[in-house]
Amino acid sequence: HCTYVCTTGISLDRFWEVVRAEVRERGLLPAPAQFVLKSLKERGDIMWMGSADRLLWMEDVEEYVDGRILKKAKVAYFLGCNVSLKSQLHDVAKSMVKIMDYAGVDFTLLGDKEVCCGAPLGWAGNLKDINEMAEKNLKIIRELGVETIVFSCPSCILTWSEYSEYMKENHNIELLTASQFISRLIREKRLSFEEQPMITPTFHDPCISARVLKATEEPREIMDDIPGVYHVEMNPSRQNTRCCGSHGLLDVVDPVLASKIAEVRLRDVTVTPATRIVTECPRCILAFDLAKFTTNYDILVQDITQLVASSLAPKDEGGDKDQ
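Okay, here's the thing in structure tokens:
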């Protein structure tokens, strides 16, 4: 937000990345951030799990993913560490592949070959090793002939957009948020929705989506396209949105402060008639789910893909969905 409102146009995001790099080089990096760097180097993810664990989310959705892993296709779905490895977020991935299958999209998954995008390296002050992650991911994407990548995580898509900078070459691949891709499918009349029983969501704009990617209107347009869904705005929103508190490893290094920030954002929701929070960031979902317990505020938190997938009309009512 500081970069967005800075009257002199200083990129404070970059400034603090450089500061963190200096902190790391001086051996002053907090222990939790050191763990993240170690996990990325040795396991390729931020949670000390492993490549095989990136397949666990596929349980119960085999019909949508069979034959998709490392399949040559023009569209790829990049899950990111949080969505693929945290069980609380597995339904986000399941919802996305259901939507793609419904629309007849010929897509591929990287499966256990997917590695972290590299964003946490920058957050932990290690900018120089991001190109290693970039090379691994881009090598597979190029081998599969992918032209468009769909993301569930704003940090992932932002980091991918900077791969050309880190690798000093242009990858010429279209990068889309999930809502941007879903919005395209709706415009192409490849998704049909059935009437919902009076759902009143409010949309939380993730920091990167709103202020960097400028992807604020697509999720709202999607909600407006679903009959029975009447979204309401909370303040502040769009480019002036508040952070959920989990960005940049704050939830890892100082979870108490991160939780307090999430609680402030939840209070913005309480003054609206919203019955659920819809967003488009896995870390935001985790932050709000935790803050719900600390504030005793019972409200459903969903990713935009979950709302869309649960609102799809039966296929026999939706017409021909084949590409």
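Going by UniProt numbering, 132 is the number at position 132 of the sequence shown; the sequence numbering is gapless. The C-beta atom is built at its ideal place from N, Cα and C for all residues, glycine as well.
Fully contained in the UniProt domain "Cysteine-rich" (75 to 158) are the following beta strand (DSSP E) runs of length 3 or more, in chain order: 75 to 78, 107 to 109 and 148 to 151. Under the rule that a run must span 4 or more residues, the alpha helix (DSSP H) segments found entirely inside the region 177 to 260 read 178 to 187, 207 to 211, 217 to 225 and 250 to 253. Setting aside the 5 residues that flank it on each side, G145 is surrounded in the same chain by K72, A73 and K74, each with a C-beta closer than 8 Å to its C-beta; the list follows chain order. Between the alpha carbons of V97 and V65 lies a distance of about 7 Å. In this structure the region 57 to 64 does not lie against the region 149 to 160, because fewer than three pairs of beta carbons, one per stretch, are closer than 8 Å. For V18, the enclosing alpha helix (DSSP H) starts and ends at L12 to E25. Annotation for I186: D225 place their beta carbon closer than 6 Å to its own, counting only its chain and skipping 5 residues before and after. Straight-line spacing of the CA atoms in R276 and E25 works out to 43 Å. Between the C-alpha atoms of V19 and Y230 there is a straight-line separation of about 44 Å.
Beta bridge pairing from DSSP links I277 with T202 and V301.
DSSP places L55 in the helix class (H, G or I) of the three-state scheme.
In the structure shown, E162 adopts coil according to DSSP, grouped into three states. Counted as a single uninterrupted DSSP element, the alpha helix (DSSP H) harbouring I285 occupies residues P282 to T295. The beta carbon of M58 is closer than 7 Å to those of V65 in its chain, skipping five residues each way along the sequence. Under a 10 Å Cβ-count criterion, T8 is classified as exposed, with fewer than 16 other Cβ atoms of the shown protein chains found around its own Cβ. Rounded to whole angstroms, L175 and D289 show a C-alpha spacing of 28 Å. Counting only the Cα atoms, E233 lies some 16 Å from L300.
Straight-line measurement puts the Cα of R283 at about 20 Å from the Cα of N296. Burial is judged here by how many other beta carbons sit within 10 angstroms of a residue's own beta carbon; R14 has fewer than 16 and is exposed.
Distance between A178 and W48, taken at the CA atoms: about 26 Å.
Taken atom to atom, the span from the alpha-carbon of D101 to that of V278 is near 22 Å. Around the beta-carbon of M198, fewer than 16 other beta-carbon atoms lie within 10 Å, marking it exposed. With respect to I261, C281 sits apart: the two C-beta atoms are not nearer than 8 Å. Under the DSSP definition of a beta bridge, I69 partners with L109.
Across the structure, E22 and P120 are spaced so that their CA atoms are roughly 16 Å apart. Taking 8 Å as the cut-off, the Cβ atoms of S84 and E114 count as close. When rounded, the separation of the alpha-carbon atoms in L158 and G118 is 10 Å.
Per DSSP, the beta-bridge partners of L175 are I149. Under DSSP, L312 takes part in a beta bridge, and its partners are F193. Distance between R220 and A274, taken at the CA atoms: about 14 Å.
For L250, the CB contacts under 6 Å within the same chain, skipping 5 residues up- and downstream, are A258 in chain order.
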